[in-house]
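**Q**
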Amino acid sequence: MDPDLLNLVQQHVNSLKTDVEQLTFEVQEDKKRVSQALKDISTSLEELEARIESVQHEQEAMKQYQSDVDSRVVNVEREQEVMKQEQRSLSNKMDTLETSTQLRLKSLKSQQEDVQQRFANVEEKLNSAFESQGKHSERFIGLPLCL
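Under my numbering, think of the first position of the sequence shown as 46, with each following residue one higher.
1) By how many angstroms is the C-alpha of S177 removed from the C-alpha of K138?
2) In angstroms with no decimal places, state the Cα-to-Cα distance between S89 and A106.
3) By the three-class DSSP mapping on this structure, what secondary structure does D159 have?
4) Please report the distance separating the alpha-carbon of L150 from that of Q130.
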């Protein structure tokens, strides 16, 4: 073999060896960077998963709270309807009572007028009786009383 050729091949081999070592080092660095990036991504995904679970938990709590609020609203609406019915019932009772009171008042006024009329008639009869008694008593003035 030719020593120059051998020397040239050896230089190429050494150069290739250096390139391979350089490439191996770069691949190792890339591998470390990729590995670190994967760890960072994994950590970020775990944090994201924890946040998602937290948001889902909060969402469930909010749904439960909304359900409780909806139940309360339904109860208030029912109570409101019951109160409206009671109010209508009381209003009807008040109307009936007012009508009954007015009828009773009219009846009492009529009775009062009737009593007043009877009293006036009795008074008139008494006055008339006293007047007529007075005329009769004048006839008996001269007569002696017998006891």
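C-beta atoms are modelled at their ideal positions from N, C-alpha and C, and glycine is treated no differently.
**A** In brief:
1) 57 Å
2) 25 Å
3) In the three-state reduction of the DSSP assignment, D159 falls in the helix class, which pools H, G and I.
4) 30 Å
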